[in-house]
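Heads up, the thing below is written out as structure tokens.
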Amino acid sequence: MVLVPTTPPDVPDRPSVAERAAACVAPSPGGLRERKKRARREALVDAAQTLVLDRGLDAVTVEDICAAVGVSPRTFFNYFPAKDDAVLGLEDFSVRPDVVAAFVAGGPTGALLDDLEVVVADVLAHEVVTPERMARTLELVQREPHLVARHVAWVEGHRAELVEMLVARRAVRPFVPDPELLALVVMSLLRASTVEWQQRGREGEPVDHLPGVVDQLRALLRDTRAPDPAAT
32 MVLVPTTPPD
42 VPDRPSVAER
52 AAACVAPSPG
62 GLRERKKRAR
72 REALVDAAQT
82 LVLDRGLDAV
92 TVEDICAAVG
102 VSPRTFFNYF
112 PAKDDAVLGL
122 EDFSVRPDVV
132 AAFVAGGPTG
142 ALLDDLEVVV
152 ADVLAHEVVT
162 PERMARTLEL
172 VQREPHLVAR
182 HVAWVEGHRA
192 ELVEMLVARR
202 AVRPFVPDPE
212 LLALVVMSLL
222 RASTVEWQQR
232 GREGEPVDHL
242 PGVVDQLRAL
252 LRDTRAPDPA
262 AT
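Numbering (this note's numbering), first residue to last: 32 to 263.
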């Protein structure tokens, strides 16, 4: 089902996600060494994905990927623990420390869903993934069912980090629903933004579609609180 972006009528002139995220902290540029590491990592991902799309997952080895990039297996394992991680382009996603600090302190807006939106936007905006690479990843997951389990395990591995952040906010603002449930909401927003981006022809970046996804969630929550006329 396509999520159609809407603007909630009861929140006029709501600041954009970018404006709220920027209010937390401006990103710091990486050094030359970090840029070189990033470039090599991306080259490994691109090679792994291209080879697997051409030959199939089982027919590609770590040595094949290394040969395509011109690095040793030892270098490969400095970046990825296993072949599947390179094929999926998996890396630890994280929220910038200043964004976490602002969220835990009850900000940046004080409204929980708005603040969760800023957190999700920060993750999406700082994932260095080109539209082409993300499209290949989605295609690979569809073609290689084995990769689904690895991706699910990766997602689960990051849930604890989100729960910890939400528990910390609850200590400051007691009215925070179950952190476990909210962590699932965050993961769902990440996934839904990517799906929406794909369904809309990969227009812009996944983070550009987050506001529409959140607005759909707001509309759903308002609708579930209203009585169903058909039930009366």
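Note that beta-carbon positions come from the ideal geometry of N, C-alpha and C, so glycine has one too. None of these values were measured; they are calculated from a predicted model.
Asked: Going by C-alpha distance, which of P237, L215, G120, L143 is nearest H189?; Found: L215
Asked: F134 to E148, Cα distance in whole Å?; Found: 11 angstroms
Asked: Residue range of the alpha helix (DSSP H) that E65 falls in?; Found: 63 to 86
Asked: Buried or exposed: which applies to P242, given that a residue is buried once 16 or more other Cβ atoms fall within 10 Å of its Cβ?; Found: buried
Asked: Out of curiosity, what's the CA-to-CA distance linking R231 and T225?; Found: 10 angstroms
Asked: Cβ atoms of L119 and V100: under 7 angstroms apart, would you say?; Found: no
Asked: Apart from the five residues on each side of it in sequence, which residues of its chain come closer than 6 angstroms, Cβ to Cβ, to L213?; Found: L197
Asked: What's the C-alpha gap between E73 and D209?; Found: 37 angstroms
Asked: On a CA-only basis, which of R69, L169, L144, E227 is nearest V83? Give me that one, please.; Found: L169
Asked: Within the chosen definition, does the region 94 to 111 reach the region 176 to 191 through at least 3 CB pairs nearer than 8 angstroms?; Found: no
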